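Everything below concerns the one structure shown next.
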Amino acid sequence: MSSIFKKIIDGEIPCKKVLESENCLAFYDINPQAPIHVLIIPKKEIKDFNGLDSQSMSELLDFTHQVVDTLRLKDKGYRLITNVGEHGGQEVPHLHFHLLGGAKLKWEKLA
Ligand code: AMP
């Protein structure tokens, strides 16, 4: 069964798009944890960071730099995180990077 992000990629579920390339998509998180909260995903169905190959990582790297530029986050800074599995708190089984910014973010003990 397709994950919700696959349905977004296929246009079956709408999203608030930031940027799209041949292999990647960036869209606003539906439940933002910061003034700017964007999800960056490969279009290829990769479950999590453990399954990420160097070709896809390279595409995501260039694409993420473009998203950072588009959102003008470079100067003030941002946070980029990916949750993996149960302990990481991953809810959607399609690799995604959370790009958070737009304010000075807190860094608290998480467990
Ligand atoms: P994670 O817990 O790392 O798997 O993060 C999944 C993220 O996807 C959460 O921050 C959700 O708010 C977000 N999310 C779930 N469904 C949607 C959706 N339809 N559009 C945008 N973001 C979503």
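Under the working numbering, residues 16 to 126 are what the sequence shown spells out, in order.
All C-beta atoms in this analysis are idealised placements derived from N, C-alpha and C, irrespective of residue type, glycine included.
Note that the coordinates shown come from a computational prediction; the quantities given were computed from them, not determined experimentally.
Check, Outcome
"Check whether F112 and L86 have beta carbons under 9 Å apart", "no"
"Closer than 8 Å: V107 CB and nearest the ligand AMP heavy atom", "yes"
"Cβ-heavy atom distance, C39 to the ligand AMP, below 8 Å", "no"
"Contact test: F64 Cβ vs the ligand AMP heavy atom, cutoff 8 Å", "no"
"Nearest neighbour of F20, chosen from S36, I56, V99 [CA to CA]", "I56"
"Classification of Y43 by the beta-carbon crowding that lies within 10 angstroms, buried from 16 upward", "exposed"
"For S17 and L125, the rounded distance between their alpha carbons", "30 Å"
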